[in-house]
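Q:
In the working numbering, the protein residues as written are 27 to 110.
1. Would you please state the rounded distance, in angstroms, between the beta carbons of residue 98 and residue 46? I believe it to be under 8 Å.
2. So if DSSP puts residue 61 in a beta bridge, which residue, or which two residues, is it bridged to?
3. Should residue 55 go down as buried or exposed, given a rule of 16 or more other Cβ atoms within 10 Å for buried?
4. Just the Cα atoms here: how many angstroms apart are residue 43 and residue 51?
5. How big is the Cα-Cα spacing for residue 6 and residue 104?
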């Protein structure tokens with residue numbers, strides 16, 4: 027019996043290239059582990075914790091500097107991927 031071959035190849039580019047990465051400061055804690063973040067350019071976005079940060083129980087407090095990934099489709103919500 028012949029082996030099946032995959033019709034699709036694995037993507038060579040990282041999926042993180044589809045995101046806009048910006049730095050900001052956490053201004054307010056909101057329910058359900060969401061945060062109000064002020065970006066370096068002065069805009070406010072709503073941020074949530076990335077899965078790895080939840081898994082490693084990294085705590086975020088007001089005043090913390092964070093790195094946020096925004097999608098080009100919705101620049102008002104972002105994922106917190108790093109705390110400085």
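Think of the CB as a built atom: it goes at the ideal place given N, C-alpha and C, for glycine as much as any other residue.
Computed from a predicted structure; not experimentally measured.
A: So, to answer that:
1. The residue labelled residue 98 in the question sits at position 72 within the chain shown. The residue labelled residue 46 in the question sits at position 20 within the chain shown. At roughly 7 Å, the Cβ-Cβ gap stays under 8 Å, so residue 98 and residue 46 are in contact.
2. Position 35 of the chain shown, counting from 1, holds the residue named residue 61. Per DSSP, 55, 73.
3. To locate residue 55, count along the chain shown from 1; it is residue 29. So residue 55 ends up on the exposed side.
4. Locating residue 43 in the chain shown gives position 17, counting from the first residue. Locating residue 51 in the chain shown gives position 25, counting from the first residue. Those two C-alpha atoms are separated by around 23 Å.
5. The question about residue 6 has no answer, for the chain in this structure spans 27 to 110.
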